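Here the structure comes first, spelled out in structure tokens, and everything after it is commentary.
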Amino acid sequence: MTKGDPVLFDRVALIGVGLIGASLGLVMKREGLAGRVVGCARTQATLDKALELCIVDEATTDPAAAVIEADLVMLCTPVGAFAKTAATMAKRLKPGAIVSDVGSVKQAVIADLLPFLPKSVHLVPGHPIAGTEHSGPEAGSADLFKGRWCILTPLQETDAGAVKKLTTLWTRAGMEVEAMDAEHHDMVLAVTSHLPHLIAYTIVGTAFDLEETIMPEVFKFAAGGFRDFTRIAASDPVMWRDIFLKNGDAVLDLLACFTKDLDTIKRAIHRGDSKTLENLFMRTRKIRKGVLEAHQD
Ligand code: NAP
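So for the sequence shown, numbering that gives the first Met the number 0 puts the first residue at 0; every next one is plus one.
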């Protein structure tokens with residue numbers, strides 16, 4: 000499919016028009032992928048902004064109204080809101096519609112959505128791995144997804160045609176698309192994204208609790224590494240609360256390994272064991288090389 004071809008979807012409902020929903024809306028406009036886009040959020044202020052920025056053509060605060068006649072319903076709210084949205088919109092879904100999402104967790108999302116969805120719709124869970132620490136429609140950018148990965152976690156029974164359409168959508172957003180099992184996705188993302196965010200939130204919280212006398216210097220000399228943690232720890236609090244609660248098992252498993260490794264480092268420092276420290280830092284340097292080679296810097 001190229002520009003000028005018929006639209007991919009006649010009518011799209013974006014449930015949530017923040018950073019990710021707005022960015023996808025802008026991609027669909029730029030690429031001419033949707034006939035009409037309706038946006039849905041809880042507050043009129045969000046919807047007014049989305050209309051003003053021409054991210055959506057119509058807007059409503061009611062998910063049930065938003066999905067009427069939609070060929071694609073894309074859930075772009077924090078994942079903790081998915082079950083309630085699904086319950087509200089289920090009866091209004093058009094037979095044959097595709098229901099997809101951008102949530103950062105996949106097993107819990109599938110478990111939350113499936114019980115509500117009629118058999119006549121196709122569920123294609125997805126996760127575009129692109130983002131910033133900013134939120135809301137103003138943060139949206141049609142270039143957000145360029146050069147990044149999108150993971151789809153279709154179920155065994157998911158219609159191949161629906162998966163193909165979603166693959167086309169994200170490819171046109173500039174992403175490389177890969178399919179995998181939802182459980183595998185959740186473990187991989189726990190390592191690459193969820194644990195790093197948890198560590199950043201902890202470090203910045205620890206610094207915040209330090210004595211007032213040290214805080215001015217913490218801000219002044221933040222470039223020594225702390226600054227990067229503050230950027231990550233500025234990410235949306237509700238979105239991340241939901242991610243940790245919904246991917247709790249994988250995050251806790253990983254946290255157990257992390258705590259064990261931290262104890263090893265603590266013991267090495269305590270004993271003045273330079274070899275252990277140096278060996279670890281040599282190993283981690285190789286990981287950085289792998290990231291650079293995968294063009295994920
Ligand atoms: P965001 O900028 O905070 O936007 C969330 C949107 O959802 C807003 O339009 C908000 O508007 C609306 N919303 C919130 N709760 C709602 C509810 N209960 N019912 C209906 N609308 C609701 O968040 P985001 O960064 O776009 O993240 C959205 C999703 O993308 C999350 O599931 C997240 O896991 C996933 N994701 C995020 C990133 C990232 O880096 N940010 C990357 C990949 C995937 P109102 O407040 O007006 O309701």
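Built from N, CA and C at the ideal position, the CB exists for glycine as well. Being a predicted model, the structure only gives us computed values, none of them experimental.
| query | Would the beta-carbon of Arg-41 be found less than 7 Å away from any heavy atom of ligand 2? | reply | This structure simply doesn't include ligand 2; it includes ligand 1 instead.
| Nearest residue (CA-CA) to Pro-124, options His-294, Asp-208, Pro-153, Val-16 | Answer by Cα proximity: Pro-153.
| said: Quick check on this structure: which residue in Ala-80, Ile-54, Lys-118 has the alpha carbon closest to the alpha carbon of Val-101? | reply: Residue Ala-80 holds the alpha-carbon nearest to the alpha-carbon of Val-101 among Ala-80, Ile-54, Lys-118.
| message | List, from N- to C-terminal side, the alpha helix (DSSP H) runs of 4 residues or more that fit wholly inside the region 74 to 118. | response | 81 to 88, 106 to 112
| Under the three-state reduction of DSSP, which class applies to Gly-34: helix, strand or coil? | Assigned with DSSP and collapsed to three states, Gly-34 falls in strand.
| task | Determine the burial state of Cys-75: buried for a count of at least 16 other Cβ atoms within 10 Å of its Cβ, exposed for fewer. | result | buried
| request: Might you give, ordered along the chain, the residues of its own chain that have their beta carbon closer than 7 Å to the beta carbon of Gln-106, omitting 5 neighbours on each side? | output: Ala-181, Glu-182, Asp-185
| task | Over the uninterrupted beta strand (DSSP E) stretch that includes Ala-178, give me the two end residues. | result | DSSP places Ala-178 in the uninterrupted beta strand (DSSP E) bounded by 175 to 178.
| Proximity test, Ser-103 beta-carbon vs ligand 1 heavy atom, cut-off 7 Å | Ser-103: yes, Cβ under 7 Å from ligand 1.
| message | Just list the residues that DSSP pairs Ala-12 with in beta bridges. | response | Val-37, Val-72
| task | Look up Ala-58 in the DSSP assignment and give the residues it is bridged to. | result | Gly-38
| query | Roughly how many angstroms separate the alpha carbons of Val-203 and Ile-231, rounded to a whole number? | reply | 10 Å
| task | Report the partner residues of Pro-127 according to the DSSP bridge assignment. | result | Beta-bridge pairing links Pro-127 to Cys-149.
| message | I'd like to know if the region 154 to 165 and the region 127 to 146 are in contact, where contact means that at least 3 CB-CB pairs between them fall below 8 Å. | response | no
| Spatial neighbours of Leu-197 in its chain, beta-carbon cut-off 8 Å, leaving aside the 5 residues before and after | Phe-243, Val-250, Leu-254
| said: If you reduce the DSSP assignment to three classes, tell me which class His-184 lands in. | reply: helix
| message | Which same chain residues end up closer than 6 Å to Glu-132 when comparing Cβ atoms and leaving out the 5 residues on each side of it in sequence? | response | Hits under 6 Å: Arg-230, Ala-233, Ser-234.
| request: On a CA-only basis, which of Val-120, Pro-5, Ile-213, Thr-258 is nearest Ala-96? Give me that one, please. | output: Val-120
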